[in-house]
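Residue numbers (the numbering used here): 0 to 66. Just so it is clear, CB atoms sit at the ideal spot from N, CA and C, and this is done for glycine as well. Just so it is clear, the structure is predicted and the values come from calculations on it, not from any experiment.
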Amino acid sequence: MAILRRDLFTCQWRGCGRVEADTSLLVADHREPHRGDEALFWDERNLWCLCKPCHDSRKQREERSGG
Ligand SMILES: [Zn+2]
């Protein structure tokens with residue numbers, strides 16, 4: 000939640016920049032997959048605010064690449 004506020008409820012995905020007032024449509028996402036690494040998991044610099052469509056398409060891409 001702090002991440003969403005820090006990023007002003009704006010999707011940080013390059014080329015998106017959508018401002019979403021409804022926080023249920025925003026996700027605090029890890030830029031780099033934390034893979035169980037607690038330091039990465041909690042590192043605010045590794046977190047950014049994405050809107051759901053961007054988050055979902057990103058996740059799909061990652062899953063397809065076998066990540
Ligand atoms: Zn977006």
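Fill in: Ala27 - containing alpha helix (DSSP H), residue span
Looking at the DSSP string, Ala27 is not in any alpha helix (DSSP H); the run it does join, the beta strand (DSSP E), is Leu25 to His29.
Worksheet entry | Test item: CB-CB of Phe40 and Thr22 under 9 Å | no
Discussion item. In this structure, how does DSSP classify Cys15 when only helix, strand and coil are distinguished?
Written reply: coil
Discussion item. According to DSSP, Trp47 sits in a beta bridge with which residue or residues?
Written reply: Asp28
Worksheet item: Which value, in whole angstroms, describes the spacing of the CA atoms of Trp47 and Gln11?
Response: 7 Å
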